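Engineer: Residue numbers (full-length UniProt numbering): 1 to 577. Would you mind keeping the following structure in view while I ask a few things?
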């Protein structure tokens with residue numbers, strides 16, 4: 001049985017492709033076999049068998065820019081063809097191995113390509129098929145992007161139907177096979193990195209089983225002659241966007257036992273139920289990086305030109321601003337963008353003794369809250385997602401995650417308010433004192449409320465993709481609202497109004513500073529954690545720990561920078577009145 005992610009909306013979320021017989025593809029006029037000697041429309045199994053390794057099938061569509069074309073095409077060809085998989089029984093090293101091969105018409109993962117071959121196998125530690133019918137298997141192996149994950153028969157993670165048939169959870173888009181419904185770290189030398197999603201809700205599929213011969217047919221008229229095809233089953237593209245080769249070209253076809261011994265592993269890396277900074281950034285970076293790479297391949301001139309233009313713009317902006325004479329000894333003064341950044345670093349360095357405990361509180365308390373959140377979700381009430389998949393109750397997950405996010409936001413808000421008060425103390429010529437700043441924040445809490453309201457509104461707008469431009473506008477207009485509440489002791493609504501008033505006097509400058517500082521503070525931890533996840537084999541908790549530490553260090557500096565922006569804007573506004 002297969003449990004694929006539920007797909008209810010055309011071209012929407014979920015898995016639209018089910019495994020199907022290759023007969024649904026072969027013989028169609030819109031499918032072409034391209035060889036070094038010419039093209040063949042509506043190719044047959046016998047024509048595939050005699051085509052060489054430099055040949056490839058070309059399905060209707062553009063693998064790099066699929067849109068919804070492959071899904072619509074699949075909906076056409078599936079008529080009259082029920083979901084089907086191929087079974088093959090073979091003996092190897094004194095074992096009987098039953099392999100199940102799955103053919104999908106499109107792989108919609110980071111390494112997008114036409115056609116997709118996946119498989120699992122079941123191992124019987126007996127020498128003959130007759131003996132295998134009288135005993136239970138000893139092991140299963142589920143192929144993934146590289147190698148396989150193995151499970152002993154009877155192991156808890158292996159789920160069975162009727163006690164005899166393994167349940168397979170294909171990753172959405174990639175179709176890599178997993179043992180349960182989770183988010184997974186997928187990685188392979190040929191496919192790159194990415195996040196596989198097998199989470200609920202799922203749709204159970206009981207496919208038709210078609211028996212393959214144990215060896216590749218030599219007769220081109222054999223109905224399974226396509227097994228002899230050594231070319232690619234999809235459009236030819238650069239690097240890993242090529243269509244895959246067929247089952248008989250794979251290592252596990254000829255040496256299934258050695259394949260598991262050499263490339264099998266006891267577990268896959270599952271990502272936390274509530275995404276961490278590292279995993280969220282990693283999945284986002286890989287997805288966006290894959291999209292950019294595909295665009296480069298499809299439109300190299302346009303995409304490359306846009307990248308060069310963005311780099312040139314950044315260099316031009318950096319060259320236009322003043323960086324020297326930032327006068328870090330004076331807090332309340334006019335500054336250019338470069339001087340604000342230079343003074344921010346200088347003041348943060350000067351306040352190291354005071355900022356270290358603030359960063360420590362940020363780091364430790366935030367990490368404790370996130371750890372307790374994941375623990376609460378893990379030990380919380382369980383719910384049955386499907387009859388095969390007992391999982392964490394969805395409402396419990398979101399309630400606990402929501403509480404955790406609120407607590408983290410409150411911690412960030414209080415620490416940011418303390419940093420602003422330290423900046424005020426420095427402006428007034430006092431020796432900065434963290435305890436005095438904490439007392440001031442406790443007595444005057446409006447800056448904390450401003451921070452929380454900003455995070456709520458801007459964060460909500462960012463999450464809903466189509467409101468992202470509005471989020472950037474709000475982020476800019478309210479960038480100095482917290483400083484207005486702290487320095488001028490304005491009430492909540494007046495602080496936002498004051499911030500918008502000041503920002504409108506220098507909108508471009510305010511946008512550059514605000515976006516640079518806020519997005520850096522919000523993104524540096526996730527990006528570093530995600531990069532470590534990509535480049536190292538360290539446990540996720542270590543990468544998240546390092547990412548959290550970087551965030552805790554950067555947030556106080558960003559608050560200082562926004563405070564300096566407030567003083568700059570206020571000075572300029574006073575001069576124009």
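Where is the CB? At the ideal position from N, CA and C, for every residue including glycine. Only a predicted model underlies this, so the values are computations on that prediction, with no experimental measurement involved.
Are the region 475-485 and the region 514-533 touching by the rule of at least three beta carbon pairs closer than 8 Å?
Structural biologist: yes
Engineer: So, under 8 Å CB-CB, residue 579 and residue 283 are touching, yes? Tell me the CB distance rounded to an integer number of Å.
Structural biologist: Residue 579 lies beyond the range of the chain shown here (1 to 577); nothing can be said about it.
Engineer: Quick check: the Cα distance between residue 384 and residue 181, rounded to an integer number of angstroms?
Structural biologist: With a pLDDT of 38 at residue 384, under the threshold of 50, the modelled position of that residue is not reliable, and no figure is offered here.
Engineer: Does residue 508 pass the burial test, meaning 16 or more other C-beta atoms within 10 Å, or should it be called exposed?
Structural biologist: exposed
Engineer: Quick check: the Cα distance between residue 529 and residue 116, rounded to an integer number of angstroms?
Structural biologist: So the two alpha carbons sit approximately 31 Å from each other.
Engineer: Let me check understanding here. Comparing Cα to Cα, which of 61, 369 and 35 lies closest to residue 49?
Structural biologist: 35
Engineer: Answer yes if the region 559-575 comes into contact with the region 418-428, meaning at least three C-beta pairs across the two stretches below 8 Å, and no otherwise.
Structural biologist: yes
Engineer: Where does residue 58 fall in DSSP's three states?
Structural biologist: strand
Engineer: Output needed for residue 326: all residues of its chain with C-beta closer than 7 Å, excluding positions within five of it in sequence on either side, in chain order.
Structural biologist: 335, 339, 342, 343 and 346
Engineer: Alpha carbon to alpha carbon, how far is residue 271 from residue 77? Give it in angstroms, no decimals.
Structural biologist: 35 Å
Engineer: Note down, one range per segment and in chain order, each alpha helix (DSSP H) of at least 4 residues found wholly within the region 88-160.
Structural biologist: 129-132
Engineer: Under 9 Å, do residue 33 and residue 43 count as touching if we go by C-beta distance?
Structural biologist: Going by C-beta atoms, residue 33 is nearer than 9 Å to residue 43.
Engineer: Taking 9 Å as the cut-off, decide whether the C-beta atoms of residue 210 and residue 87 are in contact.
Structural biologist: In contact: residue 210 and residue 87 (Cβ atoms closer than 9 Å).
Engineer: Among the residues of its own chain, which have a CB less than 6 Å from the CB of residue 389, if the five just before and after it don't count?
Structural biologist: At residue 389, the pLDDT of 43 sits below 50, so the modelled position is not reliable and the matter cannot be decided from this model.
Engineer: Where do the ends of the alpha helix (DSSP H) carrying residue 347 lie?
Structural biologist: DSSP places residue 347 inside the alpha helix (DSSP H), whose first and last residues are 337-350.
Engineer: Return yes when the Cβ of residue 266 is within less than 9 Å of the Cβ of residue 149, no when it is not.
Structural biologist: yes
Engineer: Short of 7 Å in beta carbon distance, which residues of its chain neighbour residue 24, apart from the five on each side in sequence? Order them along the chain.
Structural biologist: Excluding sequence neighbours, residue 24 sits near 77, 78 and 81.
Engineer: Beta-carbon separation of residue 564 and residue 419 under 9 Å?
Structural biologist: no
Engineer: Taking DSSP as the reference, what is the three-state secondary structure of residue 20?
Structural biologist: coil
Engineer: Under 8 Å, with one C-beta from each stretch per pair, do the region 345-361 and the region 442-457 reach the 3-pair mark?
Structural biologist: no
Engineer: Is the region 480-497 touching the region 309-327 in the sense that three or more CB pairs, one from each, lie closer than 8 Å?
Structural biologist: no
Engineer: Considering only the alpha carbon of each residue, which of 308, 229, 263 and 360 lies closest to residue 146?
Structural biologist: 263
Engineer: State yes or no: is the C-beta of residue 500 within less than 9 Å of the C-beta of residue 451?
Structural biologist: Not in contact: residue 500 and residue 451 (Cβ atoms no closer than 9 Å).
Engineer: If you run the structure through DSSP and keep just helix, strand and coil, what is residue 179?
Structural biologist: coil
Engineer: Going by C-alpha to C-alpha distance, which of 122, 103 and 356 sits closest to residue 226?
Structural biologist: 103
Engineer: Quick one: grab the DSSP three-state call for residue 184.
Structural biologist: strand
Engineer: Use the C-beta contact count for residue 532: other C-beta atoms within 10 angstroms, 16 or more gives buried, fewer gives exposed.
Structural biologist: buried
Engineer: How should residue 489 be labelled, buried or exposed, when 16 other C-beta atoms within 10 angstroms of its C-beta is the threshold for buried?
Structural biologist: exposed
Engineer: State the CB to CB distance for the pair residue 164 and residue 153, rounded to an integer number of angstroms; the pair is presumed to be in contact (CB under 8 Å).
Structural biologist: In fact, because the Cβ distance is near 10 Å, the residues do not count as touching under 8 Å.
Engineer: Under a Cβ-count criterion, where at least 16 other Cβ atoms within 10 Å of its own Cβ denotes burial, should residue 219 be classed as buried or exposed?
Structural biologist: exposed
Engineer: Roughly how many angstroms separate the alpha carbons of residue 230 and residue 131, rounded to a whole number?
Structural biologist: Cα-Cα distance, rounded: 34 Å.
Engineer: Of the residues 504, 357, 302 and 259, which one's Cα is nearest the Cα of residue 569?
Structural biologist: For residue 569, the nearest C-alpha among the options comes from 504.
Engineer: Could you tell me whether the region 538-558 touches the region 310-319, where touching means 3 or more Cβ pairs closer than 8 Å?
Structural biologist: no
Engineer: Could you give the C-beta distance for residue 113 and residue 45, rounded to a whole number, given that I count them as a contact under 8 Å?
Structural biologist: About 21 Å separates the two Cβ atoms, so there is no contact after all.
Engineer: Short check: CB of residue 408 to CB of residue 448, under 9 Å?
Structural biologist: no
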